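To keep things clear, I will list the structure first and then write my remarks on it.
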Amino acid sequence: GAGVSQTPSNKVTEKGKYVELRCDPISGHTALYWYRQSLGQGPEFLIYFQGTGAADDSGLPNDRFFAVRPEGSVSTLKIQRTERGDSAVYLCASSLVEGAESKFFGPGTRLTVL
Amino acid sequence: QKEVEQDPGPLSVPEGAIVSLNCTYSNSAFQYFMWYRQYSRKGPELLMYTYSSGNKEDGRFTAQVDKSSKYISLFIRDSQPSDSATYLCAMRTSNTGKLIFGQGTTLQVKP
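In structure tokens:
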């Protein structure tokens, strides 16, 4: 596709459940970023990958959050034992290389934990 | 205190006005400064980026960085209703791709 795609666009789950959010970056982009955006706030950094490896995971709030990018393309953000406070829009972005300023964001996955 | 501070607004201006948006920051190691525009229920899109101090102009948009004051600005000339969106400043140091965003300022341009 031409841009970054994220699935699902919306996810409603119950407290305590496990969820997976998927990001398909722009083809050929080696760097991939996950951010979380709460209502009325700017995006908050979670983790970024350069290739298959996590270059910086300092933004993951706790060990319930985990992300993978096994083949250096698609990435999955996994949240265990979801809590109501996890409700937010989860944004994915990709760039050609790590230092590139042109980061392209996807439309986000809106997660609601009931 | 947040690393990047941005007045959330909302800011309402008439069409054709000059809009000034700004952010302050505390980390003197920030070297790269960006402005993103975000429409409702969309992902942010990059408008401008600047390395270190100085000005950069692109059409109706001008970005300014004053590292001595830890202050960045975005000016929009001849504002249009289509400019109505949330504007996010973002910045990073030289040794990471991780961006730190401001809260975002909501702008409404009235016809």
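Protein chains in written order, with the numbering used here: chain A, 272 to 385; chain B, 147 to 257.
Glycine included, each C-beta is placed from N, C-alpha and C at the ideal position.
From a predicted model like this one, the values you see are computed outputs, not experimental measurements.
Give the DSSP-derived three-state secondary structure of residue i in the structure shown.
i: R223/B; result: coil
i: S230/B; result: coil
i: G356/A; result: helix
i: F376/A; result: strand
i: Q177/B; result: coil
i: K188/B; result: coil
i: T170/B; result: strand
i: P160/B; result: strand
i: D295/A; result: strand
i: E369/A; result: coil
i: S346/A; result: strand
i: V386/A; result: No answer is possible for residue 386/A: the residues shown for chain A start at 272 and end at 385.
i: C147/B; result: Reading the sequence as shown, one finds Gln at residue 147/B and not Cys. Three-state result, Q147/B: coil.
i: K213/B; result: coil
With the cut-off set at 9 Å, would you say residue i and residue j are in Cβ contact?
i: G155/B; j: T251/B; result: yes
i: T232/B; j: S186/B; result: yes
i: E372/A; j: A302/A; result: no
i: T383/A; j: V275/A; result: no
i: P378/A; j: S280/A; result: yes
i: A396/A; j: A359/A; result: Summary: the structure shown does not reach residue 396/A, with chain A confined to residues 272 through 385, and so no result is reported for it.
i: P227/B; j: P190/B; result: no
i: L167/B; j: Q254/B; result: no
Return the residue from the list the options that minimises the CA-CA distance to residue i.
i: Y197/B; options: R206/B, K188/B, T208/B and M180/B; result: M180/B
i: I246/B; options: Q177/B, P160/B and I164/B; result: Q177/B
i: Y306/A; options: G322/A, P332/A and Y289/A; result: P332/A
i: D212/B; options: T242/B, S174/B and Q249/B; result: S174/B
i: Q152/B; options: P257/B, A236/B and S240/B; result: A236/B
i: E203/B; options: I222/B, N241/B, D229/B and G243/B; result: I222/B
i: G248/B; options: C169/B, V159/B, I218/B and S219/B; result: C169/B
i: A364/A; options: S230/B, K244/B, Y217/B and N201/B; result: K244/B
DSSP puts residue i in a beta bridge; with which residues?
i: V255/B; result: V159/B
i: L382/A; result: K282/A and A359/A
i: L303/A; result: F320/A and S365/A
i: A241/B; result: Sequence inspection shows Asn at residue 241/B; the Ala mentioned does not correspond to that position. DSSP output for N241/B lists no bridge partner at all.
Legend entry - Segment contact flag, the segment 285-300 of chain A with the segment 349-356 of chain A, C-beta cutoff 8 Å, min 3 pairs: Contact between the segment 285-300 of chain A and the segment 349-356 of chain A is present, with at least three C-beta pairs closer than 8 Å.
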